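Note sheet for the following structure.
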């Protein structure tokens, strides 16, 4: 019998920071989509999930989001191309990039494009929650 693990609760202030904030998750793996959505909704975020970069860009141009959480390797526009497109439209939209193939070159490229956070997959649940919360808070301060 498998056990279902519940996300570890975060402090109340973290939940207040997330309340009403919208996250776009761009991820093509169904299990990763489900996990990210569950983890972020558990702390109060409203989450929209798309499975490719093109759909992510369309969502960003038609809806308001407080942060984008994207895998590097998605079909259509990859995470870097999506980040580049987002930056051409919205310089201050927080963008957190996830990858299982983190390299110094990728990190430098992402930083030059203004990435808000860079996470190595698999990402522990609480680390993902904190990275998205931090990205939202940085935007709220600006």
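Residue numbers (this note's numbering): -6 to 135.
Note that CB positions come from ideal geometry on N, CA and C, so glycine has one too.
It should be emphasised that the depicted structure is a prediction, and the values quoted were computed from it without experimental measurement.
Per the contact definition of three or more C-beta pairs closer than 8 Å, is the region 68 to 83 in contact with the region 48 to 56? yes
Taking the Cβ atom as the reference point for each residue, do residue 86 and residue 108 lie within a distance shorter than 8 Å? In the chain shown, residue 86 corresponds to position 93, counting from 1. In the chain shown, residue 108 corresponds to position 115, counting from 1. Cβ atoms of residue 86 and residue 108: not closer than 8 Å.
Residues of its chain near residue 79, where Cβ-Cβ distance is below 7 Å and the 5 sequence neighbours each way are ignored: Mapped onto the chain shown, residue 79 falls at position 86. Result list for residue 79: 53, 61, 86 and 88, in chain order.
Pick helix, strand or coil for residue 38, following the three-state DSSP scheme. What you label residue 38 is simply residue 45 of the chain shown in a count that begins at 1. In the structure shown, residue 38 sits in coil (DSSP, three-state: anything other than H, G, I, E or B).
Residues near residue 44 in its chain [Cβ-Cβ closer than 6 Å; skip 5 each side]: Here the question's residue 44 lines up with position 51 in the chain shown. Counting only Cβ-Cβ distances below 6 Å, and skipping sequence neighbours, we find 21.
Where does residue 13 land, buried or exposed, given buried means 16+ other C-beta within 10 angstroms? Within the chain shown, the letter at position 20 stands for residue 13. The residue is exposed, with fewer than 16 neighbouring Cβ atoms inside 10 Å.
Rounded C-beta distance between residue 116 and residue 58? I'm assuming under 8 Å. Counted from its first residue, the chain shown places residue 116 at position 123. Counted from its first residue, the chain shown places residue 58 at position 65. Not confirmed; about 19 Å, so no contact.
Whole-number beta carbon distance between residue 40 and residue 19, since they are thought to touch under 8 Å: Here residue 19 corresponds to residue number 26 of the chain shown, with the count starting at 1. Here residue 40 corresponds to residue number 47 of the chain shown, with the count starting at 1. Actually they do not touch by this definition, with Cβ atoms about 11 Å apart.
Among 56, 94 and 121, whose alpha-carbon lies nearest the alpha-carbon of residue 136? Any property of residue 136 remains undetermined from this structure, which presents the chain solely from -6 to 135.
Report yes if the C-beta distance between residue 124 and residue 112 is below 8 Å; otherwise report no. Your numbering for residue 124 matches position 131 in the chain shown. Your numbering for residue 112 matches position 119 in the chain shown. The answer is yes: Cβ separation under 8 Å.
Taking the beta strand (DSSP E) that residue 77 falls in, what are its first and last residues? On the chain shown, position 84 is the one that residue 77 refers to. From DSSP, residue 77 is part of no beta strand (DSSP E) but of the alpha helix (DSSP H) over 72 to 82.
Strictly under 8 Å for the Cβ-Cβ distance: is residue 128 near chain B by that measure? This model lacks chain B altogether, as it is built from one protein chain only.
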